[in-house]
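A short worksheet on the structure shown next.
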Amino acid sequence: MVKPSIIAIDGPAASGKSTLGERLAQRIGYLFFDTGILYRAVTWAALQKLGRVDQEDEVSALSEEVNIDVRPPSITDGRSADVCINGVDITWDIRSSDVDANVSQVSAYPRVRQAMTRLQRRIGQRGGVVMVGRDIGTVVFPEAELKIYLVATVEERARRRYHELTARGEIAEYDQILASLRWRDAYDSGRKLAPLRPAEDAIILDSEGLTIEQVVERALELIEKA
Ligand code: CDP
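And the structure:
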């Protein structure tokens, strides 16, 4: 079987993209890369340095000079990668509600997107990669041979994110998560540059009511057909 060289998985927040991407990559021996990490890391760095993210020029300049290091996991605590900035491990810090609340604004800045897109193309250019995000099939790799757009209702996604957070021992509130996902999806879909939407040739995969394994099996069937 000749596999597609690049597999793009896009979709709204907490739709299970990362879980699917990671397992799929493992099954077919591909590199898994979650592009949300990059936007989250820039947001974290901006909050650290500036305390806010509304200064577009400063945040953009930061995104162009910051050195985000993504490596295979050194600890087995549920992480899919080590994420470091200047040697500081920020793997879990980038999942905070503070980053959640600010990442969409940062991701809408054109220079930030340009810098992150350049990085993603460099990582994906050799092929053999499952790349996950919002605009992989539409902007980063429009030539990808397989594009999956993963969906589920916002309530189901909020339930999943709630369980994810509480399983890590964090305090979480379902209603707050639901509101935050709704807000982030609206912001990501409404932005001018690289908005969240399925590519014309993307295959919509609805994960509602399916187990992770069932979603992975469906995706494997799509790879065979691609
Ligand atoms: O895991 P979750 O679905 O909550 O979010 P994520 O994939 O880590 O992405 C966090 C945020 O980064 C999104 O809400 C988008 O604003 C932004 N993002 C983006 O604009 N483009 C991407 N390719 C990936 C993420």
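As numbered in our numbering, the sequence shown has no gaps in its residue numbers, which increase by one up to the final residue, 258.
Built from N, CA and C at the ideal position, the CB exists for glycine as well.
Taking 9 Å as the threshold (C-beta atoms), are residue j and residue i in contact?
| i | j | result |
| --- | --- | --- |
| valine 115 | isoleucine 69 | yes |
| glycine 110 | arginine 200 | yes |
| glycine 222 | threonine 67 | no |
| leucine 52 | isoleucine 180 | yes |
| valine 135 | glycine 156 | no |
| isoleucine 209 | leucine 197 | yes |
Run the proximity test for residue i: is its beta-carbon closer than 8 Å to any non-hydrogen atom belonging to the ligand CDP?
| i | result |
| --- | --- |
| aspartate 86 | no |
| proline 44 | yes |
| valine 135 | yes |
| arginine 200 | no |
| threonine 185 | no |
| isoleucine 38 | no |
| arginine 216 | yes |
| isoleucine 117 | no |
| valine 172 | yes |
Name the DSSP bridge partner or partners of residue i?
| i | result |
| --- | --- |
| isoleucine 39 | Val162 and Leu178 |
| leucine 237 | Leu182 |
| leucine 63 | Val161 |
| Whole beta strand (DSSP E) runs in the segment 124-190 with 3 or more residues, listed along the chain? | Whole beta strand (DSSP E) segments, 3+ residues: 161-165 and 178-183.
| request: Kindly provide the ranges of any beta strand (DSSP E) runs that are 3 or more residues long and lie completely inside the segment 80-121, ordered along the chain. | output: 100-103 and 114-117
| task | Can you check the segment 194-255 for any alpha helix (DSSP H) of at least 4 residues that lies completely inside it and give the ranges in chain order? | result | As far as the segment 194-255 is concerned, its whole alpha helix (DSSP H) runs of at least 4 residues are 206-222.
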